[in-house]
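Please read the structure below before turning to the comments.
2 protein chains.
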Amino acid sequence: MLAQSRRKFISMLGKAAAVTGLATISGAAAAAMPPKKGFVHHVYFWLNNPESEADKAKLLEGLRNLAKVKSIREYHIGVPADTNRDVIDSSYAVSWMLVFDDRKAQDSYQEDPIHLDFVKNYSNLWSKVVVYDSVPA
Amino acid sequence: MLAQSRRKFISMLGKAAAVTGLATISGAAAAAMPPKKGFVHHVYFWLNNPESEADKAKLLEGLRNLAKVKSIREYHIGVPADTNRDVIDSSYAVSWMLVFDDRKAQDSYQEDPIHLDFVKNYSNLWSKVVVYDSVPA
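Going line by line, the protein sequences match chains E and X. Residue numbering for the first sequence is 7 to 143, as defined by my numbering. Residue numbering for the second sequence is 7 to 143, as defined by my numbering.
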């Protein structure tokens, strides 16, 4: 019984490794991750009303719902950090960073009804969107 | 002894969850990850010689070495995907996306000798760099 539980935990560890791209799970993992695989889709939004906290909150609410799209592997919803070197663009209002397993998963997201509804219901909030798509080098 | 091993595995699972931001590790994890926490530092490079595959390869080599900085939690080294909608900027040569635990870890990276050497040894390759830093909304 305990041996069975142990096998189950080993199996779960394997799943965790597969999901996260960890080559090994050990105390040193945090410092030496392998590069993330996958398709990175990073969107920056500028608002029509940059001063409106209500509009920003509404967009964030929309993104939290958009995150339900099944083909998304990882997501990060952000706002500009308070860093300010010359090369840093912190003029955007909201950052929406997604990682997909591959191009096909990204294409599926673009056509997902949740995504189409998001664009329909929230696009009035933004004045500009810049997207950078990248694949592993 | 087995009970001890089991505790050890549970402890390792806990570490994996802490590192990856997974709230639970289960078969359904891949489809429903919680948002990634942390400080996202995304850098886009444009090359002085955009047509030079050798220069691009050299920059990629530099980034693979730069990835050794200990305070980096995750990284993704990319090149533009072949997507091409109006909002997509695919004019850059290389994408360098990092996730840190927090602002302090990012600041430590900026001052790390490996990072300072990278800038010294490779900055002749690029003509423009744009950085977007973001923190969880």
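C-beta: ideal position from N, C-alpha, C; glycine also. In this text, all values refer to a predicted model and were calculated from it rather than measured experimentally.
Is the Cβ-Cβ distance between X:G68 and X:F106 less than 8 Å?
Within the second sequence, residue 68 of chain X is the residue found at index 62, counting from 1. Within the second sequence, residue 106 of chain X is the residue found at index 100, counting from 1. Contact flag unset, no.
Is there at least one Cβ from chain E nearer than 8 Å to X:V125's Cβ?
Indexing the second sequence from 1 puts residue 125 of chain X at position 119. For X:V125, the answer is no, since every Cβ of chain E falls outside 8 Å of its Cβ.
Tell me the rounded alpha-carbon separation between X:K43 and E:H47.
The residue you call residue 43 of chain X lines up with position 37 of the second sequence. The residue you call residue 47 of chain E lines up with position 41 of the first sequence. Between the alpha carbons of X:K43 and E:H47 lies a gap of roughly 17 Å.
Would you identify the three-state DSSP class for E:E117, choosing helix, strand or coil?
The residue labelled residue 117 of chain E in the question sits at position 111 within the first sequence. Here E:E117 sits in helix by DSSP.
Please decide whether E:H121 counts as near chain X, where near means a Cβ-Cβ distance under 8 Å.
For the purposes of this step, residue 121 of chain E is taken as the residue at position 115 of the first sequence. No, E:H121 does not count as interfacial toward chain X.
What are the boundary residues of the beta strand (DSSP E) that includes E:G68?
The sequence position of residue 68 of chain E within the first sequence is 62, counting from 1. Per DSSP, E:G68 belongs to no beta strand (DSSP E); it is in the alpha helix (DSSP H), 59-72.
Using the C-alpha atoms, what's the distance from X:S140 back to E:W102?
Your numbering for residue 102 of chain E matches position 96 in the first sequence. Your numbering for residue 140 of chain X matches position 134 in the second sequence. Using only the alpha carbons, I get a separation of about 10 Å.
Does the beta carbon of X:S96 come closer than 8 Å to any beta carbon on chain E?
The residue given as residue 96 of chain X occupies position 90 in the second sequence. Yes, X:S96 counts as interfacial toward chain E.
Start and end of the beta strand (DSSP E) containing E:G84?
For the purposes of this step, residue 84 of chain E is identified with residue 78 of the first sequence, where counting begins at 1. Unbroken beta strand (DSSP E) run through E:G84: 80-86.
Tell me, please, whether the stretch 90-104 of chain X touches the stretch 64-80 of chain X by the rule of three or more beta-carbon pairs shorter than 8 Å.
yes
Can you find a CB in chain E that lies within less than 8 Å of the CB of X:D139?
Translated into positions along the second sequence, residue 139 of chain X becomes position 133. Cβ-Cβ to chain E under 8 Å: yes for X:D139.
How would you list, in chain order, the residues of chain E whose beta-carbon sits under 9 Å from the beta-carbon of X:P142?
By one-based count along the second sequence, residue 142 of chain X stands at place 136. Ordered by position in chain E, the residues that pass the 9 Å Cβ test against X:P142 are H82, I83, G84, V85.
Measuring only the C-alpha atoms, how far is E:Y50 from E:N71?
Your numbering for residue 50 of chain E matches position 44 in the first sequence. Your numbering for residue 71 of chain E matches position 65 in the first sequence. Whole-angstrom Cα-Cα distance: 17 Å.
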